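*Asks:*
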Amino acid sequence: MAKDIEASAPEGGEFSAKDYTDPPPAPLIDVEELTKWSLYRAVIAEFIATLLFLYITVATVIGYKLGSYRSNA
């Protein structure tokens with residue numbers, strides 16, 4: 601097609617430098633982060649979501665076992 605553009609490497613066969621700069625490495629947990637409410641809110645939300653997931657999973661398994669037990673009796 602007329603609008604196709606061919607990408608070609610420079611003459612040395614090497615590609616040019618990146619078009620962007622990498623951000624500096626960030627620490628996994630910062631001391632400043634421990635004083636923020638958003639961290640604790642996220643921890644509480646994860647805890648509640650995990651409990652809800654486990655409750656629904658266990659209730660489903662128990663309900664399935666009771667249903668199969670009643671149908672066999």
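Residues 601 to 673, numbered by my numbering, are exactly what the sequence shown covers, in order. Note that the Cβ used here is the ideal one computed from N, Cα and C, for glycine as well. Because the structure is a prediction, the values reported are computed rather than measured.
Can you tell me which of the three DSSP states ILE629 falls into?
*Replies:* Here the question's residue 629 lines up with position 29 in the sequence shown. DSSP places ILE629 in coil when its eight states are reduced to three.
*Asks:* Determine the DSSP secondary structure at TYR620, reduced to helix, strand or coil.
*Replies:* Along the sequence shown, one-based indexing puts residue 620 at 20. Here TYR620 sits in coil by DSSP.
*Asks:* Looking only at its own chain, which residues have a Cβ that is under 6 Å from the Cβ of LEU651, when we skip the five neighbours before and after it?
*Replies:* Taking the first residue of the sequence shown as 1, we reach residue 651 at position 51. If we look at LEU651 and ignore the five residues flanking it on each side, it has no Cβ neighbours.
*Asks:* Determine the contact status of GLU633 and LEU639, defining contact as a CB-CB distance below 8 Å.
*Replies:* Translated into positions along the sequence shown, residue 633 becomes position 33. Translated into positions along the sequence shown, residue 639 becomes position 39. The answer is yes: Cβ separation under 8 Å.
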